[in-house]
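**Student:** Structure incoming, see below.
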Amino acid sequence: MKFLFFLSLSFILISCQHKDDAVKPVSKTTVYDFTSDTSVYSGEMKRYWLVLLKKGPNRTHDSASAAMIQAGHMANINRLAKEGKIIMAGPMGYDGDLRGIFIMNGKDSSEVEQMVQSDTAVITGRLTMEYYPWWSEKGKYIFK
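Residues in the sequence shown are numbered from 178 upward in steps of one, following my numbering.
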């Protein structure tokens with residue numbers, strides 16, 4: 178009986194121990210200079226643009242209108258991909274506010290915004306967009 182008591186007490190004490198190595202959130206944003214860290218940087222960096230497509234304020238379209246908007250959305254993606262402006266595109270695998278992403282090749286944020294604003298889903302308010310500069314080593318990944 179004493180053995181079971183001490184065994185139970187040991188398990189309780191072990192499970193209640195405080196872990197000092199817990200992950201702590203970072204409170205400030207740092208701009209990383211890839212060119213100064215030779216352990217990470219081994220070539221020329223290229224800026225792409227990560228575009229987050231989120232649910233927009235106007236999602237009350239009937240099914241026929243929604244299908245037409247989606248067809249225009251896909252046509253815009255295909256056109257931009259043929260022009261080499263969209264490197265990757267795809268929907269998210271869950272039904273949340275984030276609906277999809279693009280990785281785009283544009284010279285600046287104005288060009289990216291102009292390209293995304295030509296999308297029927299954005300024009301109609303079905304989707305909204307956020308875009309961020311995203312860097313990758315030039316030639317490291319082959320996007321097809």
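Virtual Cβ for every residue (Gly too), placed ideally from N, Cα, C.
Going by beta-carbon coordinates alone, are residue 283 and residue 292 separated by less than 8 Å?
**Tutor:** Residue 283 sits at position 106 when you count from the first residue of the sequence shown. Residue 292 sits at position 115 when you count from the first residue of the sequence shown. Against a cut-off of 8 Å, the Cβ pair of residue 292 and residue 283 comes out as a contact.
**Student:** Please determine, among 312, 297, 242 and 310, the residue with the shortest C-alpha to C-alpha distance to residue 256.
**Tutor:** As a first step, residue 256 is located in the sequence shown; it is residue number 79 there, counting from the start. The residue with the shortest Cα to Cα distance from residue 256 is 297.
**Student:** Quick one, which of 244, 249, 235 and 227 has its alpha-carbon nearest residue 262's?
**Tutor:** Counting from 1 along the sequence shown, the entry for residue 262 is found at position 85. Residue 227 is the option with its Cα nearest to residue 262.
**Student:** What does the Cβ neighbour count give for residue 230, buried or exposed, with the cut at 16 atoms within 10 Å?
**Tutor:** Within the sequence shown, residue 230 is the residue found at index 53, counting from 1. When all chains shown are included, residue 230 counts as buried.
**Student:** Assign residue 310 to one of three DSSP states: helix, strand, or coil.
**Tutor:** Position 133 of the sequence shown, counted from the first residue, corresponds to residue 310. Strand at residue 310.
**Student:** Find the nearest neighbour of residue 285 within the set 272, 299, 310 and 268, judged by alpha-carbon distance.
**Tutor:** Within the sequence shown, the letter at position 108 stands for residue 285. When only C-alpha atoms are compared, the closest one is 310.
**Student:** Going by Cα to Cα distance, which pick from 300, 314, 287 and 272 is closest to residue 253?
**Tutor:** On the sequence shown, position 76 is the one that residue 253 refers to. Of the candidates 300, 314, 287 and 272, the one whose C-alpha sits nearest the C-alpha of residue 253 is 300.
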